[in-house]
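Going by this note's numbering, the sequence shown opens with residue 17, and the numbers climb by one from there. Every residue, glycine too, gets a C-beta built ideally from N, C-alpha and C. Predicted model only: the values in this text are computed from it and were never measured. Below you'll find the structure, written out as structure tokens, and then a few comments.
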Amino acid sequence: MATSNTRQYRRLPSQLGAKAPKVGRPPWSDRRFAITWLLAPIIGVLLAFLIAVAVTAMGKMAQGTPRFYLVALSYTYLLASLMCMPAYAIGVGGYWWMTRNAEEKRIGYLWWIPVFSALWGWFPSVLFPQGGDVGMGKLFVMMAGTVFVLSLIWILVVRAVLYIWNKV
17 MATSNTRQYR RLPSQLGAKA PKVGRPPWSD RRFAITWLLA PIIGVLLAFL IAVAVTAMGK
77 MAQGTPRFYL VALSYTYLLA SLMCMPAYAI GVGGYWWMTR NAEEKRIGYL WWIPVFSALW
137 GWFPSVLFPQ GGDVGMGKLF VMMAGTVFVL SLIWILVVRA VLYIWNKV
């Protein structure tokens, strides 16, 4: 029972006329939505690894069966990911770092992901040292371009999905 000398902080929110607080998470921000979609290729790597290991553990399979093609696609995605994913993950990490306190232009920072990814495209060239300096340089240029184009395409997909998300 509230009396006239009860201090303000001892009153219940209903006595102060305040509405009850909302329960649950706040609606998705553009940053959270973009990061979730940006992590989809990385989650795809984990899924491809699980599929490849599980289906290979089932034993021998005949060529031309759906299991054969499923494992072939999984291994292909894993091999491509070995070459491109470290640079892409650093690009997404750079986006996360740049937007952690930014209040505006969070979506504009998406265009920096391909740049960060291209700068870290040197990583696969370290895996093949037998090519020499010239071979490693060629591989860096090839991987930087490939990672730049692939991450740019994925950024366009994320921006399109984000645009549709905001319109709905």
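With a CB to CB cut of under 6 Å and the five nearest residues on each side skipped, what residues in its chain are close to residue i?
{"i": "G110", "result": "F132"}
{"i": "M152", "result": "S141"}
{"i": "N182", "result": "none"}
Whose CA, out of the options, lies closest to the CA of residue i?
{"i": "P130", "options": "P43, L54, F49", "result": "L54"}
{"i": "I51", "options": "I171, T162, L98, A103", "result": "I171"}
{"i": "V61", "options": "W128, W113, M99, A118", "result": "M99"}
{"i": "L155", "options": "W138, K76, S167, L166", "result": "W138"}
{"i": "W128", "options": "S97, A96, V165, G147", "result": "V165"}
Is the beta carbon of residue i sitting closer than 7 Å to the one on residue j?
{"i": "A64", "j": "S45", "result": "no"}
{"i": "L86", "j": "V108", "result": "no"}
{"i": "W136", "j": "I169", "result": "no"}
{"i": "F84", "j": "M74", "result": "no"}
Would you please state the rounded distance, in angstroms, between the beta carbons of residue i and residue j? I believe it to be under 8 Å.
{"i": "Y104", "j": "T115", "result": "Not quite, the Cβ-Cβ distance comes to about 17 Å (not below 8 Å), so this is no contact."}
{"i": "A134", "j": "V163", "result": "6 Å"}
{"i": "M101", "j": "I67", "result": "Not really, about 16 Å apart at Cβ, beyond 8 Å."}
Suppose the cutoff is 8 Å on Cβ atoms and the five residues either side in sequence are ignored; what does the same chain contact list for residue i look like?
{"i": "I123", "result": "D46, A50, R175, L178"}
{"i": "Y93", "result": "G60, V61, A64"}
At least one CB of chain C closer than 7 Å to the CB of residue i: is that the case?
{"i": "Y111", "result": "Within the model displayed, chain C is absent; a lone protein chain is all it includes."}
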